[in-house]
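K.L.:
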Amino acid sequence: LKGIMGGEDSRVGGPAMAGVGVNIAAGPCPWRARCSRMDRYRIVLEPGAGRRHYWRDLWQYRELFGFLAWRDILVRYKQTAIGISWSLIKPLLTLAVMAFLGWLFESDVPGGVPRLLLVAAATLPWTFFSTAFSEASNSLIANSNLLSKVYFPRMIVPASAVLVCVIDFLISLALVLLIMLAYQFPPGPQLLLLPFFLLLALVPALGAGLLIAALNVKYRDFRYIVPFIVQFGLYVSPVAFTSTDILGNERIPAVLQFLYALNPMVGVIDGFRWCLLGAATPLHLPGFLSSMGIGLFLLVAGFRYFRRMERQFADVI
19 LKGIMGGEDS RVGGPAMAGV GVNIAAGPCP WRARCSRMDR YRIVLEPGAG RRHYWRDLWQ
79 YRELFGFLAW RDILVRYKQT AIGISWSLIK PLLTLAVMAF LGWLFESDVP GGVPRLLLVA
139 AATLPWTFFS TAFSEASNSL IANSNLLSKV YFPRMIVPAS AVLVCVIDFL ISLALVLLIM
199 LAYQFPPGPQ LLLLPFFLLL ALVPALGAGL LIAALNVKYR DFRYIVPFIV QFGLYVSPVA
259 FTSTDILGNE RIPAVLQFLY ALNPMVGVID GFRWCLLGAA TPLHLPGFLS SMGIGLFLLV
319 AGFRYFRRME RQFADVI
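Structure follows, in structure tokens:
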């Protein structure tokens, strides 16, 4: 109504127009006898999912991005006895299991680094990635009522789910830093590069999340595949062990070492260990470059497929 009365662009939507924007532009009205107050306007329908408008729409709906993230934070721990403390308990349980497995299989520990810190530095990025990937994958299904009623860029939904996981990550990071201080093992200046490796973990999480979220709308089987992917990824990522146990190991075939290096979380986890624990856990350049390449590929592939399927979400979901 504001656009009609004031001559500004407006957007409306509903179940049948969830991907369409309505712009009110100046011009003669073909129904002049019936709409005297709209003599200077004509209605132009433009697909809001078009490239020309999509990035502009993302910026215009930036407040919705924050609102959805805040809502997810409030709802996630609603009616729980310990509330947001679950964001600490989950990584602590994973840390305990991975530390036990590392001790059980006697994986190599770099000199001077306590095993618990070695596992804690790896659990931190893995927990963020697995949670962000899982939440983004199921975000469209969880917000199906919203998607079918109003137009907005659908990419805001999985992106806001990833943002919530960043909050959990910061809480877990504070816990890991406290454990390091308890061990009298303070981090060095390379800790300042930790945000870069967090971004390196966020890229594949968002890319894979966009891809699976789009597939999940049409094929609900992916809801059951995602937990398996996360569980399998935990065992092939250097959480309970280090990359030196795999790379350059003569007992492991070169093909398996190559496949291991294709894991986008290898470079991320090695980078977190280097940032938190220093030179005792060096960063492997091949794994780092592989993580960057695979992560960017997942982001581009997930974005393109999500955009291609976005117009169908309101009809299928």
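Going by the working numbering, the first residue of the sequence shown is number 19, and it counts up by one from there.
Heads up, the beta-carbon is just placed ideally off N, CA and C, and yes, glycines get one too.
Quick caveat, the model's predicted, so the values are computed rather than measured.
Since I believe Y72 is in contact with P171 (beta carbons under 8 Å), could you give me their beta-carbon distance rounded to a whole number of angstroms?
P.N.:
On the sequence shown, residue 171 is found 153 positions in, with the first residue counted as 1. On the sequence shown, residue 72 is found 54 positions in, with the first residue counted as 1. Contact flag correct, Cβ pair sits at about 6 Å.
K.L.:
Helix, strand or coil: which one does DSSP assign to R89?
P.N.:
By 1-based counting over the sequence shown, the position of residue 89 is 71. In the structure shown, R89 sits in a helix (DSSP, three-state: H, G or I).
K.L.:
I believe L134 touches A154 by the beta-carbon criterion, under 8 Å. Please report the beta-carbon distance rounded to the nearest angstrom.
P.N.:
Walking along the sequence shown from the start, residue 134 turns up at place 116. Walking along the sequence shown from the start, residue 154 turns up at place 136. Contact doesn't hold; Cβ gap of about 30 Å is too wide.
K.L.:
Could you pull out every residue in the same chain whose Cβ sits closer than 6 Å to the Cβ of F214, ignoring the five residues on either side in sequence?
P.N.:
Within the sequence shown, numbered from 1, the residue matching residue 214 stands at position 196. Around F214: no qualifying Cβ.
K.L.:
When the Cα of S103 is compared with those of I185, A87, G206, D75, which residue comes out closest?
P.N.:
Here residue 103 refers to the residue found at position 85 when the sequence shown is read from its first residue. When only C-alpha atoms are compared, the closest one is I185.
K.L.:
Measure how close the beta-carbons of L158 and F331 come, nearest whole angstrom, since I'm counting them as under 8 Å.
P.N.:
Residue mapping note: residue 158 aligns to position 140 of the sequence shown, counting from 1. Residue mapping note: residue 331 aligns to position 313 of the sequence shown, counting from 1. With 8 Å as the limit, L158 and F331 qualify as a contact, their Cβ atoms being about 7 Å apart.
K.L.:
For A43, count neighbouring C-beta atoms within 10 Å of its own C-beta (all shown protein chains included) and say buried if the count is 16 or more, exposed if not.
P.N.:
The sequence position of residue 43 within the sequence shown is 25, counting from 1. Residue confidence is low: A43 scores 46 on pLDDT, short of 50, so the model does not pin down where it sits. Its coordinate-derived value is still stated next. Burial call: exposed.
K.L.:
According to DSSP, is I335 part of a helix, a strand, or is it coil?
P.N.:
Here residue 335 corresponds to residue number 317 of the sequence shown, with the count starting at 1. Correct three-state label for I335: coil.
K.L.:
So within the stretch 229 to 288, which uninterrupted beta strand (DSSP E) runs reach at least 3 residues, ignoring any that extend past its ends?
P.N.:
Runs of the beta strand (DSSP E) inside the stretch 229 to 288: none found.
K.L.:
Drop a sphere of 10 angstroms on the beta-carbon of E81, count the other beta-carbons inside from all chains shown, and report buried for 16 or more, exposed for fewer.
P.N.:
In the sequence shown, the residue the question calls residue 81 occupies position 63. Result: exposed.
K.L.:
Looking only at its own chain, which residues have a Cβ that is under 6 Å from the Cβ of V221, when we skip the five neighbours before and after it?
P.N.:
Here the question's residue 221 lines up with position 203 in the sequence shown. Hits under 6 Å: G313, L317.
K.L.:
Rounded to the nearest angstrom, what separates L301 and L165 at their Cα positions?
P.N.:
In the sequence shown, the residue the question calls residue 301 occupies position 283. In the sequence shown, the residue the question calls residue 165 occupies position 147. Whole-angstrom Cα-Cα distance: 43 Å.
K.L.:
Can you tell me whether DSSP reads I100 as helix, strand or coil?
P.N.:
Walking along the sequence shown from the start, residue 100 turns up at place 82. Three-state result, I100: coil.
K.L.:
Can you tell which of K96, G311, L199 has the C-alpha that lies nearest to the C-alpha of N281?
P.N.:
What you label residue 281 is simply residue 263 of the sequence shown in a count that begins at 1. Of K96, G311, L199, the residue nearest in Cα terms is G311.
K.L.:
Just how far apart, CA to CA, sit L111 and T145?
P.N.:
By 1-based counting over the sequence shown, the position of residue 111 is 93. By 1-based counting over the sequence shown, the position of residue 145 is 127. Those two C-alpha atoms are separated by around 11 Å.
K.L.:
Should Y169 and A232 be called a contact, given that it needs their Cβ atoms to be closer than 8 Å?
P.N.:
Locating residue 169 in the sequence shown gives position 151, where the first residue counts as 1. Locating residue 232 in the sequence shown gives position 214, where the first residue counts as 1. Their beta carbons are not under 8 Å apart, which means Y169 does not touch A232 by this criterion.
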